[in-house]
Amino acid sequence: MTSTVARHALVPKLDRLGWLMALYTENEARLVRMFAPRSLAVGHYRSDTGDGLPLHLEIIEQHPYTTELRITYAIVDPVTGEPDPSAHLRLYHDTRQLEATNCYVGRRWQDVIGMFPPPALLIGHRLRMNTFLGKWLEYLAERGHGAATLRRLDENSSTLCETA
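Residue numbers for the sequence shown follow this note's numbering, so the first one is 5 and each next one is one higher.
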């Protein structure tokens, strides 16, 4: 009995911050496998798999160690006029992590947790955002989105949102 307890005590526990960092790593692998965003130029792209729900990907900035991007559908929230769902992402090339810095799914993070949330609440919110992102990326891959379906939009058609 004591050997079982001793072996169990050797298994490290993953805290919430460790769990969040693991999500960042998993999401980076999903996104890079699907779209290879580091190789894309700044601009707007559209991935259409013929399901009537094209995905819009915007490369906002390319830096030596990070890429700033946004993914969304061409669906507009009738209340705010914002694309919904929408995720602003930061891809860290050196650490191979992808962070959802802001997800808009009906409400902004400030409306959910306030302007100055305690650290535990902030980590919990980031866990939910990045879990949502992971599930969304998995769904997009299952629907067939990827580099083969990605097309760059020209300057005249770079509008992300169309009326639904």
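Every residue gets a Cβ at the ideal spot worked out from N, C-alpha and C, and that includes glycine.
Alpha carbon to alpha carbon, how far is residue j from residue i? Give it in angstroms, no decimals.
i      : j      : result
Arg156 : Glu72  : 17 angstroms
Gly22  : Leu61  : 28 angstroms
Leu125 : Ile64  : 28 angstroms
Tyr96  : Asp52  : 26 angstroms
Ala33  : Gln101 : 8 angstroms
Pro68  : Ser43  : 12 angstroms
Gln66  : Met133 : 23 angstroms
Leu59  : Thr84  : 20 angstroms
Arg50  : Arg147 : 14 angstroms
Secondary structure at residue i, three-state DSSP: helix, strand or coil?
i      : result
Thr71  : strand
Pro41  : helix
Leu95  : strand
Arg100 : coil
Arg156 : strand
Thr135 : helix
In this structure, what does DSSP give as the bridge partners for residue i?
i     : result
Ile4  : Coverage of the chain is limited to positions 5 through 168, which leaves residue 4 absent and any answer about it impossible.
Pro87 : Val80
So is residue i buried or exposed if we call it buried at 16+ other beta carbons inside 10 Å?
i      : result
Arg130 : buried
Arg74  : buried
Pro82  : exposed
Could you check how far apart the C-beta atoms of residue i and residue j are, in whole angstroms? I think they sit under 8 angstroms.
i      : j     : result
Gly150 : Met25 : So it is not a contact: roughly 26 angstroms between Cβ atoms.
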